[in-house]
């Protein structure tokens, strides 16, 4: 008792770490293998929440004296894992309970933390569909009379299913084949549960046509993996007396000599009945309903069983008299059926004695009947006819004849005749033959005797089974369960007995996909079918009889697998992209979705729709045929891309659907007019001194267009009105307004210009603003730009010329020294870096000629003035002057550095290396007198060289002659720059910047005409270089890109000030005015 007390005390101390009445629950299926994990008690207990990991791991688990459960489960004492120790059978443990709970207690204890806890565990054992419905008898036989009325019933025993839950119990019964037609199955539910099965006759029976039926009753349970029980039902059709006996002959004629002995047999009657049993047992007799019955019964007698007619009275010949009487054949049915025929007996006058005839059978048989196999050979002897005639002379000479053609009589000397087979016999044509043998003498009158016997043709297996159809057409749904009935085939064999018993088999072309019941001929599936993989099968079924040797018939089964909606429709792409223009009318067509479904028929037909979650979120709807249409007018500037989900659903039952994404781009319509930022209502004026040089940028029109990049947003600027004196010009693409010509005035004067900004759409939109330009008569901020007259100007000119001459001489001397040094270096360096090809005179003219005309700057045509061009012959170092009647000043656009970025990077590196030799010079003076970039290094002896030396540029005659005056006509200069080509380059063939090609060793290609370089701006050349060609980029960042009013705007690297981003640090190509 002490241990018990200790146990109780520990329980009282340490129980309570869990909530009271807490139960740990697990669920497990029956029939799982041994050692299957049921669950983890330690994890489920929640003890880990109250203890550290080390303390929790010290807990052990053990059953609390429940021996029954210990036989079913085991517990891992350390981990608390519950395992099955046997295969659990729910039916044997819980019977037919709907819920099966196995409960037990487990002790959780630990010496480390002095814990003892009793844990209640419940294991719910779920039912598996592991029992097949079973009938009390797998094969039952019933008898039903062929006279049974339609609707007659036979009760059947129902099946039982040992599974304990309602789900896995029997749910339905069926009769197989379903289209059997003769019997139906009535299934009713009993009040206390279970089913009542009743067979019901659906058609009238005819035993003579079919005397036996076999079919199957199957019971199906409700499990997910359905089990089926089968009972074979045999119906034996019992006979009903529905057929009357039939005589072999419609009438009988017999001749009898007068004075024949009493009890002489003169005739054997024969009749048959298609019924069986007593209904076919025939009794013969004289009909009671005939005249002269008493006289007939006194002369003749019929044996009731055999039908032999005997003479029982004294027959007397009477001239012309024939005895006629009716005989009957009656069966032994409950209500006997009777058939009559007529017998004619002729009595002959006896002048001599008729021959006596007798027969002996050589094969098996009985009295009056002989059995002959239908396979008997021709001339086979079946009987011997013995003929005796005691008369002499002609009266004793006898000839015999036999009826029919299947047999013949052959004389055997004076020993009578033998009966032989005359032709091939066929039992199926005629099974029983009544043979008559008549023997006549040659007396006068002729006397004859006859005898009759029956020949029964025995069956041989000479006919193969014949199917009811040569080809059976069957249908089965794809994905049908294995065992589904496809078709019942049937064959008949006109043989009898075992020769007519037929069994059915499948040939190899069934390929294991089908099974057949060898007795019933029911063909079922033996695999699953997928119509999309194959929808047509053709195989052969055999009918083999039981003869020896067996004979075989065949038929073809053509199976069509019908469609089930088991394939999801699939779109023709992972996603769809469409483009639609904005501003189209509602219901505008966008595009059409396309999809495919591998099913057929209605299952293949699909309907498209927009996903419900997007129905009210996007301005589109989807037609059932996949056409996408708009339901509002679209605005690209509001939203340019829509992404939504569409679905395609087939028309199957149940329907299947698939979804995909549609990305729809709204393309631009020119629906936005240009927006002018400057000038505007609050800021529409600009002032400038009237003394600024011609070509000076006065201001810039800032505008942008919200339409998409392209012609719809590419802007063109023009002055519509107010430029009466043609003083101003505007860059068509940049919006820069320039001073086009000098204008004399004596006081401030205001010019009100009407500025037009158009886009380049086929139907352009235009915006017009007014700009006031004030030419100020006096402007101190620009006075320094105007060349002064008098002594000051003369002194400045002399100083500049002298300084320039000194610097030029120093640079030329330095270059000569460097060139000698370079020649020595060329001997050492690779030809890859310093290849010096021959330069032709044509090349000198065709290389990088950069021109900049004031007319191009102003975007307006101007009459040509004197043109002075300079070129440096690279081969001879001489300067050529070409006066062509006009003076063009070719100035590159300071904002178009990318145009000249195509100069050879290799050459740039070489020229940058020249600067290493010029570090001693004052950078400020060098910037005033030397062009900042090799691009215009064409006026010194070393222009275009690839050696590592400075160009030595200084003030040239051209530079000194480039003085601008308001009174003089505008003079421009053309600087011809010859770029030394590399071996792999192709010389340029144009002297104009619009058509010149960069050398082939450039890393970047010059922008082509019309090629976009930004959201709004363009980088292209049309023969005129616009100083602010990319100005249309500026409306986005609203930066004023106007250049200053001072001439030295072009003498410094203004790439940072102008907002233009140079692609290369070495791209400092801006020229200087001198």
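Numbering (mature numbering (1 follows the signal peptide of the UniProt record, and there is no 0)), first residue to last: -19 to -1, 1 to 1055.
Cβ coordinates follow ideal geometry from the N, Cα and C atoms, glycine included.
Check: Backbone secondary structure at residue 631 - three-state DSSP; Outcome: strand
Check: C-beta contact flag for residue 324 and residue 308 at 8 Å; Outcome: yes
Check: Test: residue 85 CB closer than 8 Å to a CB of chain B; Outcome: Within the model displayed, chain B is absent; a lone protein chain is all it includes.
Check: Sheet register partners of residue 717 (DSSP bridge); Outcome: 681
Check: Coil, strand or helix - residue 210 by DSSP; Outcome: strand
Check: DSSP three-state assignment for residue 806, whether helix, strand or coil; Outcome: helix
Check: For residue 92, three-class secondary structure by DSSP; Outcome: coil
Check: N-terminal and C-terminal residue of the alpha helix (DSSP H) that residue 401 is part of; Outcome: Where residue 401 is concerned, there is no enclosing alpha helix (DSSP H), although the beta strand (DSSP E) it sits in stretches over 398 to 402.
Check: Exposed unless 16 or more other CB atoms sit within 10 angstroms - verdict on residue 433; Outcome: buried
Check: Nearest-angstrom Cβ-Cβ length linking residue 151 and residue 176, presumed shorter than 8 Å; Outcome: 7 Å
Check: Cβ separation of residue 724 and residue 676, assumed to be a contact under 8 Å, to the nearest whole Å; Outcome: At roughly 14 Å, the Cβ-Cβ gap does not stay under 8 Å, so residue 724 and residue 676 are not in contact.
Check: Residue 248 (DSSP reduced to helix, strand or coil); Outcome: strand
Check: Residue 1063 - DSSP class collapsed to helix/strand/coil; Outcome: Within the shown structure, residues of the chain are numbered from -19 to 1055, placing residue 1063 beyond reach of any answer.
Check: Buried/exposed call for residue 424, threshold 16 Cβ in 10 Å; Outcome: buried
Check: Member of 747, 733 and 31 whose CA lies at the smallest distance from the CA of residue 755; Outcome: 733
Check: Residue 756: first and last residue of the uninterrupted beta strand (DSSP E) it sits in; Outcome: 747 to 757
Check: The region 661 to 681 / the region 741 to 748 touching (three or more Cβ pairs under 8 Å); Outcome: no
Check: Presumed contact (8 Å Cβ cut-off) between residue 251 and residue 352, rounded CB distance; Outcome: With a Cβ gap of about 16 Å, residue 251 and residue 352 do not count as contacting.
Check: CA nearest to the CA of residue 391, picked from 365, 336, 407 and 404; Outcome: 365
Check: Secondary structure of residue 466, DSSP reduced to three states; Outcome: strand
Check: Buried versus exposed call for residue 276 [16 or more other C-beta atoms within 10 Å across all chains shown]; Outcome: exposed
Check: Straight-line Cα distance separating residue 208 from residue 48; Outcome: 35 Å
Check: Inside the region 265 to 347 only - alpha helix (DSSP H) runs reaching at least 4 residues; Outcome: 274 to 280
Check: Sequence ranges, beta strand (DSSP E) only - wholly within the region 617 to 670, length at least 3; Outcome: 622 to 631, 638 to 648, 656 to 659 and 666 to 670
Check: Option in 95, 565, 253 and 29 with minimal Cα separation from residue 612; Outcome: 565
Check: Contact between the region 135 to 143 and the region 227 to 238 (3+ Cβ pairs under 8 Å); Outcome: no
Check: Assigned secondary structure, residue 50 (DSSP; H/G/I helix, E/B strand, else coil); Outcome: helix
Check: Three-state secondary structure (DSSP) of residue 364; Outcome: strand
Check: Residue of 490, 472, 521 and 477 minimising C-alpha distance to residue 500; Outcome: 472
Check: For residue 149 and residue 30, the rounded distance between their alpha carbons; Outcome: 41 Å
Check: Whole-Å CB distance - residue 1057 paired with residue 711, under 8 Å assumed; Outcome: With the chain running from -19 to 1055 in the structure shown, residue 1057 is simply not present.
Check: Alpha-carbon to alpha-carbon, residue 72 and residue 22; Outcome: 26 Å
Check: Residue 46 versus 477, 163 and 99, residue with shortest Cα-Cα distance; Outcome: 99
Check: Whole-number beta carbon distance between residue 121 and residue 215, since they are thought to touch under 8 Å; Outcome: 7 Å
Check: Beta carbon of residue 367 nearer than 8 Å to that of residue 222; Outcome: no
Check: Three-state secondary structure assigned by DSSP to residue 40; Outcome: coil
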